[in-house]
Every structure is written in C-alpha cells, then in structure tokens.
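Enquirer:
Numbering (our numbering), first residue to last: 16 to 474.
#1: Please work out which residues of its chain come closer than 7 Å, Cβ to Cβ, to residue 351, disregarding the five sequence neighbours upstream and downstream, and give them in chain order.
#2: Could you pull the start and end residues of the beta strand (DSSP E) that residue 341 belongs to?
#3: Are the beta-carbon atoms belonging to residue 450 and residue 461 less than 8 Å from one another?
#4: Return the bridge partner residues of residue 117 from the DSSP annotation.
#5: Could you have a look at residue 164 and say whether DSSP puts it in helix, strand or coil?
#6: Determine the extent of the alpha helix (DSSP H) in which residue 438 is found, giving its start and end residues.
#7: Only counting the same chain, and skipping five residues up and downstream in sequence, which positions put a Cβ closer than 7 Å to that of residue 104?
#8: What's the gap between the Cα of residue 324 and the Cα of residue 361?
#9: So residue 310 is in the beta strand (DSSP E); what residue range does that whole segment cover?
#10: CA-CA distance, residue 263 and residue 315?
#11: Taking its Cβ as the centre, do 16 or more other Cβ atoms sit within 10 Å of residue 399, making it buried, or is it exposed?
#12: With DSSP collapsed to three states, give me the class of residue 180.
#13: Measure the alpha-carbon distance for residue 297 versus residue 369 and round it to whole angstroms.
#14: Report the residue from 144, 152, 120 whose alpha carbon sits nearest the alpha carbon of residue 133.
#15: Check for me: the alpha helix (DSSP H) holding residue 268 runs from which residue to which?
#16: Could you tell me which of 154, 93, 149, 392 sits nearest to residue 86, measuring between CA atoms?
#17: I'd like to confirm the pairing. Which residues does DSSP put opposite residue 125 in its beta bridges?
#18: Which partner residues of residue 93 appear in the DSSP bridge assignment?
#19: Should residue 415 go down as buried or exposed, given a rule of 16 or more other Cβ atoms within 10 Å for buried?
#20: Going by other Cβ atoms of all chains shown within 10 Å of its Cβ, with 16 needed for buried, is residue 269 buried or exposed?
#21: Output yes or no for whether 8 Å exceeds the beta carbon distance between residue 382 and residue 279.
#22: What does the alpha-carbon distance come out to for the pair residue 79 and residue 164?
#23: Alpha carbon to alpha carbon, how far is residue 127 from residue 74? Give it in angstroms, no decimals.
#24: Applying the criterion that 16 or more other CB atoms from any shown protein chain within 10 Å of the CB defines a buried residue, is residue 373 buried or exposed?
#25: Once DSSP output is grouped into helix, strand and coil, what is the label at residue 392?
#26: Since residue 414 is in the alpha helix (DSSP H), which residue starts that stretch and which ends it?
#27: May I ask you to report which of helix, strand or coil DSSP gives residue 146?
#28: Put residue 294 into one of helix, strand or coil per three-state DSSP.
#29: Might you give, ordered along the chain, the residues of its own chain that have their beta carbon closer than 8 Å to the beta carbon of residue 158, omitting 5 neighbours on each side?
#30: Could you pull out every residue in the same chain whose Cβ sits closer than 6 Å to the Cβ of residue 476, ignoring the five residues on either side in sequence?
#31: Sort 122, 198, 147, 184 by Cα distance to residue 385 and report the nearest one.
#32: Look at the alpha carbon of residue 464 and the alpha carbon of residue 457, and state the distance between them as a whole number of angstroms.
#33: Among 410, 387, 188, whose alpha-carbon lies nearest the alpha-carbon of residue 225?
#34: Should residue 440 be labelled buried (16 or more other beta-carbon atoms within 10 Å of its own) or exposed?
#35: Taking only three categories from DSSP, how would you classify residue 220?
#36: Among all the DSSP beta bridges, which residues are the ones paired with residue 239?
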C-alpha cells in the first residue's frame, strides 16, 4: 500500500504544477493582448506612419567660418554719420547667403568667406530711417590681399545739365586743390635741387612710400587715418634721412658729377617702385576711413569734406614752410645755401647739416602729399605707381615757378593743377596729365628759368 500512496501523491503534484504554468501562460497572453489594444487605441496613426526626423539646426555662417576663410571688411559711413548695428551679408552665385555680420560702434564690419566671387549687400531693413544704400557690390575675394568693400549711401545721382559757369567754378576749385597737393609734394624736390643741384627722379617714390605707410598703419594695424598719417610723415622723414646718409652724402664726398647722380636717382626710383609693387599690391587699395563722402553744395560749387580738409591742410603746411624759410635760422641757412653754397660755407654755415634737414623735410612733405593725393585725387586709394604719375607734374610745376625756389614751386604747381583740371573740360579726363608735359616743354622753350627764377650765365 505504501508504494501506491507515494505514486498517487507524486501524480497530484505534477498535475498541480502543470495547472500553475498554464495559468501563468494565460496571464501573459492576456497582458500582451491588452497592450496591443492600448497601442492601437492611443497610438493611432503612430503605427501607420513613421515619425519625420527633425533636421539639425543650420550652423551660423558667421560663427563657423570655412577652413580656407578670407577676411572681407569695410566701413559703413553716410557722410559723417557712422552706421552702427547695420547687417551686411555675402551671397554666392546662386544668391544663397554664405555669411552675415553686423557693423560695430565705429561702423566697421568683417566677414569670413572662402576665396571666390560674391555679391555683398547691406540689409536695407537694418539701416536707420532716412538712410538708403545705392546698390550692391560684386567682388572677387582672393587670399593674401586686403579685401575691402565700399558701399555708397544716399540717393543715386542722375545726369543733369550743368551750366558752363558752374562747371568752370567747380573745375577751378578742383584745380586749386590739386595744385596745392602737387605743391606740397614738390616743395621738398625744389629745395633739394636748390641746396644740392640734384634732380631727384626718386622723389615720386617718396610720395608713394608715404601713402603706403599710412595705408599699412590704417588698414593693417587698425590705426585711425589721422594718426596713421602722422606716423607716415615720421616714416618719410626717416627715409629721407637714410636716403641722404647712405647714398647722396657719400656721392657728394666723392665729388660725383650731377649727371651721374641723376642716373643714380633714376635707378633708385625704378628699384623702389618695384619693391613697393612686390610688398604692397598691383591694385589700388583703399583706406579704411573717409570713404563714400557726400558733396557739400555751397552755391555754384560743391566739395566734399575730404577735399576741403586737403585744401586747408595744404595751405596751413605751405604757409608754415614759408614762415620757416623767412623767420627761422635754419630757414635762412637753407636760402643761403640755395643761393650760393660756397659763400654759405665760408660764412660758417654747416652745409651738410642744412642739406640733411632739407632731405628730412622733403621726405616728410612728400609723405603727407602722398596721403592727400590718394584721398583727394584717387578716391581714397593707394596705388603702387601713384608717385611716378605725380612726378611729371611736380617737375612741370617747379620748372614753371623757378627751379630751386620754394615760392616758385608753390606758384608753378598751383598753375599746373589749374591747367590740368581745366583741360578736362575739353579732352578726356584720362588724358589730363598730358597737360603737364605740354607745360614743361613750353616753359623750357620760352622761359627756362621759370616765373620766379633769375637768368644765369652758363660758361
């Protein structure tokens, strides 16, 4: 009986465990079914459609410049008004925006784009009330050079018929301004000839060097143009001193003839010109400041603030030079050396010290003349051969006024400036510098000593 009892109990245990497993399976199936019903009821179309992936946010072109980024910059000014908080953006060939920035408190802005051709625009919605931009600027951006963009503000001017008298007055004012700038650069050339007898063909490169130095201080180093011009004058003075100390003083001590010195000056001019080309640029590069000037209409003529400032600065500096020549000891010594070098030396004047001072002053005046020439005549730009273009007019002016005299250089250069600008009323403005050559030829034929020069017997 005992074995049968044990087998029966074992069978009962097996049956009870099978029933438990079946009960758990039923519960699992029931829960799965309820979950499926809930998913269909509350998920709805979530099972029928796959969720659309959310695109990642677009990166800001201003915050993530490309690896080969090139800086493009500019300055937003409407006349004397600085435009702050104005947006500027760059568009590629498909009119897609590739970069955007906002001008700072000084109106300056900078974009980072890859090399290529872009269209730069001022976003009109961000301009102040009453200010409008004349259009867009398309520019090829290249690495290794300054990429500056200039926008013009105000209403675009339409061609209108200007009366002859009004055109003549405007041209006369431009000629007077141009003549003063030429005189400022040529006074040093005339004084160098008067004290040493050297016809310095490298004086034009002193003009270019001053403008390039001001551009480097202003654009590359970020110094405002007025202090940058003062630093450029210092550079011109230093270069004039080095020029005399390294080249011309040793030649004078060796009693080198004037013809040989003239040939040396021509070689020096060519060398300096192409050195500037190598280290500067073959394109006209603008200053950062005083761009896009507006005309001030004063009666029958109009003039920009920059041109007015150039006239005032030129007059003040030239009057200062005249007072220095008349009232100071060094000025009287310069006039004495210019009149008779040997007599001045015998009277106790240190001729070499006077000549050094003349070279330093000539370099500084040439540097200032180069900056004013770039601002007023070249539209606020610097060119690698700007001094060479001005050299012919400087020679024409000092020859017309009288070689070796500062006052003759002033008078002759003003006359040349007027004749050059008046010629634009008859001939193409691109040919206006030909007038300087014609004046030079005419004066050498008719009156070689110039207006204020005196006749000299040769031989």
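Cβ coordinates follow ideal geometry from the N, Cα and C atoms, glycine included.
Expert: Reading from the atomic positions:
#1: Closer than 7 Å at the Cβ level, and outside the excluded window around residue 351, lie 359, 364.
#2: Annotation for residue 341: no beta strand (DSSP E) segment contains it, though the alpha helix (DSSP H) segment containing it runs 320-342.
#3: The criterion of a C-beta distance shorter than 8 Å is not satisfied by residue 450 and residue 461.
#4: For residue 117, which the question treats as bridged, DSSP gives the partners 102.
#5: It is a strand residue.
#6: From DSSP, the alpha helix (DSSP H) with residue 438 extends over 421-438.
#7: Within its own chain, the residues whose Cβ lies closer than 7 Å to the Cβ of residue 104, once the five positions on either side in sequence are excluded, are 112, 114, 115, 136, 138, listed in chain order.
#8: If you take the alpha carbons of residue 324 and residue 361, they lie about 44 Å apart.
#9: For residue 310, the enclosing beta strand (DSSP E) stretches over residues 310-313.
#10: Per the coordinates, the alpha-carbon of residue 263 lies some 49 Å from the alpha-carbon of residue 315.
#11: Its Cβ being crowded by 16 or more others within 10 Å, residue 399 is buried.
#12: In the structure shown, residue 180 adopts helical secondary structure according to DSSP, grouped into three states.
#13: Going from the Cα of residue 297 to the Cα of residue 369 covers about 37 Å.
#14: Measuring from the Cα of residue 133, the nearest candidate turns out to be 152.
#15: 264-268 is the extent of the alpha helix (DSSP H) around residue 268.
#16: Per the Cα distances, 154.
#17: Residue pairing by DSSP places residue 125 opposite 88 in a beta bridge.
#18: BP columns for residue 93 point to 96.
#19: Its Cβ being crowded by 16 or more others within 10 Å, residue 415 is buried.
#20: Exposed, because fewer than 16 other Cβ atoms sit within 10 Å of the Cβ of residue 269.
#21: No, the Cβ-Cβ distance between residue 382 and residue 279 is not below 8 Å.
#22: Whole-angstrom Cα-Cα distance: 21 Å.
#23: Residue confidence is low: residue 74 scores 36 on pLDDT, short of 50, so the model does not pin down where it sits. Its coordinate-derived value is still stated next. Computed Cα separation, rounded: 14 Å.
#24: Buried, since its Cβ has 16 or more Cβ neighbours within 10 Å.
#25: Coil.
#26: If you look at residue 414, you'll find it in the alpha helix (DSSP H) that goes 401-416.
#27: In the structure shown, the three-state DSSP call for residue 146 is coil.
#28: Three-state DSSP puts residue 294 in a helix.
#29: Non-local C-beta neighbours of residue 158 in its own chain, meaning closer than 8 Å and more than five positions away in sequence, comprise 83, 85, 130, ordered along the chain.
#30: The structure shown does not extend to residue 476, since the chain is modelled only from 16 through 474, so no value can be given for it.
#31: Of 122, 198, 147, 184, the residue nearest in Cα terms is 198.
#32: About 12 Å.
#33: Ranking the options by Cα distance to residue 225, first place goes to 387.
#34: Exposed, by the Cβ-count rule.
#35: Taken through DSSP and simplified to helix, strand or coil, residue 220 comes out as helix.
#36: In the DSSP assignment, no residue is bridged to residue 239.
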